[in-house]
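Trainee: Provided herewith is a single structure, encoded as structure tokens, for subsequent inquiry.
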Amino acid sequence: MLQLGQECFPEDEQQTIEELVKIFEFLMRDYEFSPTPRTQHPKSHGYVEGEFIIEKNMSDQFKVGIFSNSKTYPMWVRFSNGSGFSEDGTFQSDMIGDIRGISIKLLGVEGCKASENSAPNEQDFIAVNTPIFFLKDAKSYLDFFPIVNGIRDGKIIINPDGTPKQIPDKLKASYEAIAYSLPLLNGVRSQVMSSPLEANYWSATPYKFGNTAMKYAVFPHIEGKKFDRETAEDQTNYLREAMTKHLAEKDAYFDFCIQLQTDVKKMPIEDPTELWDEKESPFIKVATLRIFQQEFNSQDRIKMDEKQSFSPWNCLEEYRPLGGVNRARKIYADMADFRNNINNA
Ligand code: HEM
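Just so you know, we're using my numbering here: the sequence shown kicks off at 5 and counts up by one.
Here you go:
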């Protein structure tokens with residue numbers, strides 16, 4: 005019988021992770037972009053400075069790690085698009101539906117780290133604009149790559165009901181393995197985002213938290229009218245424009261919330277395509293993100309963004325990443341080193 009916060013490890017997991025690393029390194033070597041961007045979430049809408057303010061008077065069950073004391077930490081935040089490039093080799097337009105990310109880095113965080121790869125004194129929280137991830141496990145990523153490439157190159161044609169109209173024999177097994185993920189991915193991509201500062205984000209994958217596990221989410225404070233992309237001066241990059249206009253005038257705020265795992269079956273650790281129902285366990289606010297009013301489009305800031313790296317494994321042992329998808333994400337540190345080595349060569 006599984007316990008709260010307990011993981012299950014498939015036998016061939018390490019081999020899957022090594023194959024993923026080879027694919028990502030191949031992609032980065034192949035880029036014609038300079039500097040070489042991240043393989044995932046390459047397009048940034050802004051790398052911005054702020055502070056992370058822990059709530060006062062929290063219930064004891066949330067007083068784990070940094071949430072034990074009402075302290076304020078210096079913070080950097082990066083907002084991004086998940087997908088890569090258009091056919092002309094530029095970053096994909098923001099007008100095309102996509103997964104959008106928020107990467108949060110707290111500085112000056114003391115404590116025991118979750119892995120030897122964890123950056124000292126840093127705590128990262130990484131989230132996307134969907135409460136579930138579209139892949140069940142790391143192995144699905146290996147099948148996913150040839151299928152999305154096949155769809156992009158026109159070798160695979162999908163019917164409106166999701167069944168394949170045309171598919172090469174050698175890709176049939178991969179398609180069947182990840183057919184479940186395509187409607188999930190299309191669901192996120194069909195959302196329209198007004199501004200990165202006006203969106204909800206979720207960790208989608210679970211993390212250790214005391215005697216149980218948690219997922220986290222980041223919800224914006226929205227005042228007044230949302231940004232209207234139809235009025236943008238540059239629609240291709242309207243998400244950066246929306247942030248630029250907002251932060252030229254005022255600070256931006258988000259609530260940082262935690263959802264505890266209360267049921268091992270209804271809230272599984274190993275399958276992030278399963279939604280943890282908020283009726284079962286609600287998200288509770290534990291901190292406020294305050295992003296300062298600022299100008300962030302300078303060349304210096306853009307260079308800092310390119311060199312920076314975030315990882316779910318940049319974290320305290322108290323919030324050890326859980327589940328197969330998160331275990332595979334140990335590769336972020338190596339991927340960032342690989343990309344920075346190419347860029348420094
Ligand atoms: C097996 C699953 C996954 C793999 C293999 C993977 C892989 C990667 C890689 C290689 C990077 C670029 C790292 C770098 O060069 O610095 C990245 C970035 C990112 N990933 Fe994942 N990812 C996975 C799952 C997820 C999940 C579940 C989320 C949901 C929160 C997510 C959100 C992000 C975000 C927001 C970034 C941008 C980080 C930044 O701003 O630097 N990924 N991912």
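Positions of the beta carbon are idealized from the N, C-alpha and C atoms, including for glycine.
Please read these numbers as outputs of a predicted model, since none were measured by experiment.
#1: Taking 7 Å as the limit between beta carbons, can you name the residues of its chain near residue 255, skipping five residues before and five after?
#2: Only counting the same chain, and skipping five residues up and downstream in sequence, which positions put a Cβ closer than 7 Å to that of residue 394?
#3: Do you know offhand how far residue 231's Cα is from residue 198's?
#4: Determine the DSSP secondary structure at residue 222, reduced to helix, strand or coil.
#5: If I measure Cβ to Cβ from residue 23 and keep anything under 8 Å in the same chain, skipping five residues before and after, which residues do I get?
#6: Whole angstroms are fine: how far does the CA of residue 248 sit from the CA of residue 322?
#7: In whole angstroms, what is the alpha-carbon distance linking residue 239 and residue 107?
#8: Who are the near neighbours of residue 334 in its chain, counting only those whose CB is closer than 7 Å to its CB and skipping five residues on each side?
#9: With a CB to CB cut of under 6 Å and the five nearest residues on each side skipped, what residues in its chain are close to residue 278?
#10: Distance, Cα to Cα, residue 3 vs residue 233?
#11: Please specify which runs of the beta strand (DSSP E), each continuous and at least 3 residues long, are wholly inside the region 62-148, giving them in chain order.
#12: Grouping DSSP H, G and I as helix and E and B as strand, with all else coil, what is residue 58?
#13: By the three-class DSSP mapping on this structure, what secondary structure does residue 184 have?
#14: Count the other CB atoms within 10 Å of the CB of residue 140; is the residue buried (16 or more) or exposed (fewer)?
#15: Along the chain, where does the beta strand (DSSP E) containing residue 332 start, and where does it finish?
#16: Is residue 57 near the ligand HEM, with its Cβ less than 7 Å from a heavy atom?
#17: Which residue wins for smallest C-alpha separation from residue 123, given the options 312, 326, 348 and 330?
#18: Looking at residue 339 and the ligand HEM, is the gap between the Cβ and the nearest heavy atom below 7 Å?
#19: Using three-state DSSP, classify residue 294 as helix, strand or coil.
#20: Quick check: the Cα distance between residue 286 and residue 219, rounded to an integer number of angstroms?
#21: Rounded to the nearest angstrom, how far is the Cβ of residue 142 from that of residue 332, given a contact under 8 Å?
#22: What residue does the alpha helix (DSSP H) around residue 390 start on, and which one ends it?
#23: Judging by CA-CA distance, which residue of 170, 41 and 276 is the nearest neighbour of residue 185?
#24: Can you give the Cα-Cα distance for residue 18 and residue 84, rounded to whole angstroms?
#25: So, at 7 Å on beta carbons, what are the nonlocal neighbours of residue 188 in its own chain, with the 5 sequence-adjacent residues on each side left out?
#26: Grouping DSSP H, G and I as helix and E and B as strand, with all else coil, what is residue 349?
#27: Considering only C-alpha positions, which residue in the set 74, 113 and 73 is nearest to residue 320?
#28: I'd like the list of long-range same chain contacts for residue 166, defined as Cβ closer than 8 Å, with 5 residues on each side in sequence excluded.
#29: Quick one: using the 10 Å Cβ neighbour count with 16 as the cut-off for buried, is residue 228 buried or exposed?
#30: Can you pull the DSSP bridge partners for residue 256?
Mentor: Let me spell this out:
#1: 294, 295, 296 and 297
#2: Residue 394 cannot be examined here, being either before or after the span of the chain that is shown, 5 to 349.
#3: 5 Å
#4: strand
#5: 146
#6: 35 Å
#7: 23 Å
#8: 119, 121 and 317
#9: 272
#10: Absent from the structure is residue 3, since the part of the chain shown begins at 5 and ends at 349.
#11: 76-85, 104-111 and 126-132
#12: strand
#13: coil
#14: buried
#15: Looking at the DSSP string, residue 332 is not in any beta strand (DSSP E); the run it does join, the alpha helix (DSSP H), is 328-332.
#16: no
#17: 312
#18: yes
#19: strand
#20: 11 Å
#21: 4 Å
#22: Since the first residue shown for the chain is 5 and the last is 349, residue 390 is missing from the structure and cannot be characterised.
#23: 276
#24: 28 Å
#25: 136, 138 and 277
#26: coil
#27: 113
#28: 183, 186 and 187
#29: exposed
#30: 295
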